[in-house]
Amino acid sequence: MLNKYDDLIMKGVILDCLGNLMLEKFGSDTWNACLIDAGFDKDARFFASQDVEDEDTLKLVGAVCNHLNITLEQAADVFGDYWVNNYAPKIYKIYYTLFKSSKDFLLQMDRVHLQMTKNMPNAHPPRFEYQWEDDNTLIMKYKSERNLIDFLVGLIKGVGNYFNEDLDVTKLDNMNVRVKFP
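The working numbering puts the first residue of the sequence shown at 1372, with every later residue one more than the last.
#1: State the Cα-Cα distance for the pair ASN1374 and PHE1418, rounded to the nearest angstrom.
#2: Determine the direct distance from the alpha carbon of ASP1475 to that of PHE1552, and round the result to whole angstroms.
#3: Kindly confirm or deny that the segment 1523 to 1532 and the segment 1450 to 1457 touch, where touching means at least three C-beta pairs closer than 8 Å.
#4: Using the C-alpha atoms, what's the distance from ASN1403 back to ALA1482?
#5: Does at least one heavy atom of the ligand FMN sit under 7 Å from the Cβ of GLY1398?
#6: What are the uninterrupted segments assigned as beta strand (DSSP E) that are 3 or more residues long and contained completely in the segment 1400 to 1484, given in chain order?
#7: Look at the alpha carbon of TYR1513 and the alpha carbon of ASP1505, and state the distance between them as a whole number of angstroms.
#8: Measuring CB atoms only, is the segment 1535 to 1542 touching the segment 1461 to 1469, in the sense that at least three cross pairs come out at less than 8 Å?
#9: Taking 8 Å as the threshold (C-beta atoms), are LYS1542 and ILE1361 in contact?
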């Protein structure tokens, strides 16, 4: 289940993406109901650089899971695929033009996160470390106080879809994800 996070801030870009996803796939009635259940106004809009308390973000994700009758892991997969393949290419297009494969993309995520957020107050993106098990198997170590590794799994799966590569993605524990490249 979702945990309570005190004093952590997430950027509104995450909720803007979630709102776009919900409106596109499930309609305004469902999205508005989720907003209300999470304590937001039904007409709430989120802006990319807006600060949103993690607790409020996670309440909204929980409301989405409840309304769609899905698990957090299922929500993370849907969100990850939508973020990578629909939302992020529109606002972070330059990063998509730099990489030719899932492997290249994922190996640069730590650097990209640092570069994107260096001038953004209150941004605390996850950090990543990388370790190779063999030539085709990467362990990504997820470093964040948020414990949202399920979203990393969904995002990695989305990266595989973006590059039309069949990645085998396995959450090993709350800090490590194994990615087997084709």
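Beta carbons are placed, not taken as given, at the ideal position from N, Cα and C, and that holds for glycine. These numbers were taken from a predicted model, which means no experiment stands behind them.
Well, looking at it:
#1: Reliability of the predicted coordinates at ASN1374 is poor, the pLDDT of 44 falling under 50, and no value is obtained from them.
#2: 11 Å
#3: yes
#4: As written in the sequence, residue 1482 is Arg, which differs from the Ala given in the question. Distance between the alpha carbons of ARG1482 and ASN1403: 36 Å.
#5: This structure simply doesn't include the ligand FMN, nor any ligand for that matter.
#6: 1422 to 1424
#7: 19 Å
#8: no
#9: Not covered by the structure: residue 1361. The range shown for the chain is 1372 to 1553.
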